[in-house]
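Reading through the structure tokens given below for one structure.
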Amino acid sequence: MFKQMEAARLESLHIAQDEKTGLRGIIAIHSTRRGPALGGCRFLSYPNEQAALQDAIRLAQGMSYKAALAGLELGGGKSVILRPAHVDDRAALFEAFGRFIDSLDGRYITAMDSGTSSEDMDCIAQYTQHVTSTTRAGDPSPHTALGVFAGLRATAAARFGSDDLDGLRVAIQGLGHVGYALAEHLQAAGAELFVSDIDAGKVQLAVEQLGARAVASEALLSTPCDILAPCGLGGVLDRSTVAKLRCGAIAGAANNQLANPEMGDELDARGILYAPDYVINAGGLIYVALTHQGRNSGEITAQLSHISQRLTEIYAEAQAHKRSPARVADSLAERLVFAD
Ligand code: NAD
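Just so you know, my numbering puts 805 at position 338 of the sequence shown, and the rest follows in order with no gaps.
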């Protein structure tokens with residue numbers, strides 16, 4: 468365990484169990500050097516405890532990097548609740564988790580993530596104020612979409628010399644909360660849309676409402692386009708898919724798009740400009756963090772503009788030092804997180 472913590476430079480790890488509710492929870496705090504560690508709470512079935520621990524540690528580190536590059540005064544953390552085979556009283560389980568979070572005196576702030584809902588956050592909120600994305604705070608997805616849209620403009624400017632999206636061909640994989648809202652912004656900006664989703668109803672809606680062209684799910688990644696926007700699952704850019712890409716740039720919302728760090732170098736070698744996912748998809752984090760701090764919508768909008776500025780800075784450094792944007796983003800984040 469300590470080896471894993473050391474490898475990720477994790478600050479602390481907190482574990483709690485509650486017999487009455489069946490809670491078995493892990494809170495990984497990667498860093499509080501820039502501020503309290505904010506990061507979502509996952510409620511999933513893991514094959515074993517080690518897998519849950521690894522997930523919490525890896526994701527906590529990612530949150531530190533994301534917050535630092537978004538210019539937020541926050542550290543990074545993540546929590547994981549191991550989903551029991553049967554949940555008798557879900558509300559009681561999340562209330563117990565709220566008490567656990569509260570025992571950390573604000574060093575960790577939780578949020579909604581895979582397997583949790585804003586209703587779960589409401590249960591947590593009964594026992595601690597260190598929780599975001601409650602039903603009252605609202606859905607962060609529209610803000611993530613706005614950030615991706617701005618980042619996509621910055622990517623177009625760096626790759627094609629103009630941020631004018633009129634006539635630009637954009638292929639979107641996944642028309643969920645973020646992907647569909649992004650498609651709406653792109654349509655309004657005059658982009659030509661190619662879309663896929665495993666849910667045929669969402670594709671149909673985009674075709675009818677936005678004039679998008681439907682593409683079969685398995686063909687989307689190799690569709691000839693200017694910008695590819697992965698907005699579905701993570702890990703979509705692996706050796707086999709990268710070899711088939713026919714785009715000039717990649718700018719989308721999905722988390723962990725690169726199957727491994729070498730894929731960032733591979734994209735660079737192929738002349739495909741890649742917007743590091745945790746930089747371009749930080750809009751939701753910005754929204755939940757600033758809402759939690761009681762900031763107004765004007766301040767949130769101003770902070771969202773950091774995304775395109777940061778990407779422009781990363782692309783310039785990548786070009787100057789002949790490194791991939793993914794490597795540049797990681798180095799920059801490490802410098803910011805561990806600066807004395
Ligand atoms: P969502 O679940 O609402 O949407 C995902 C969509 O992708 C669904 O419509 C699903 O049917 C589709 N999909 C899944 N596999 C697909 C495939 N193989 N081909 C085509 N479509 C596929 O999720 P979301 O909230 O829109 O988030 C999208 C991505 O962005 C996720 O990776 C998420 O982790 C990431 N992200 C989201 C936010 C946010 O604020 N929601 C913030 C940061 C990152």
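Beta carbons are placed, not taken as given, at the ideal position from N, Cα and C, and that holds for glycine.
With 16 or more other CB atoms across the displayed protein chains lying within 10 angstroms of its CB, Phe616 is buried.
Relative to the ligand NAD, even the nearest heavy atom lies 7 Å or more away from the CB of Gln770. Proximity of the beta carbon of Thr602 to the ligand NAD is not indicated: no heavy atom of the ligand is located closer than 7 Å. About 14 Å separates the CB atoms of Ile482 and Cys508; that is not less than 8 Å, and the two are not in contact. Sorted by chain position, residues whose beta-carbon lies closer than 6 Å to a non-hydrogen atom of the ligand NAD are Pro607, Ser608, Thr611, Gln640, Gly641, Leu642, Gly643, His644, Val645, Gly646, Ser663, Asp664, Ile665, Asp666, Lys669, Ser684, Cys698, Gly699, Leu700, Gly701, Ala720, Ala721, Asn722, Asn748, Gly751. Residue environment for Gln517: exposed (fewer than 16 other C-beta atoms within 10 angstroms of its C-beta). Taking the Cα positions, Ala806 is about 12 Å away from Ser798.
Considering only Ile665, Asp666, Leu632, Ala667, the residue with the shortest C-alpha distance to Glu651 is Leu632.
Rounded to whole angstroms, the Cβ separation of Arg680 and Leu700 is 22 Å, and the two are not in contact under 8 Å.
Counting other Cβ atoms within 10 Å of its Cβ, Met468 stays below 16 and is therefore classed as exposed.
By the beta-carbon neighbour count (other beta carbons within 10 angstroms, threshold 16), Asp555 is exposed. In this chain, Gln770 is not harboured by any beta strand (DSSP E); it is covered by the alpha helix (DSSP H) spanning 764-788. For Tyr513, the secondary structure class from DSSP, reduced to helix, strand or coil, is coil.
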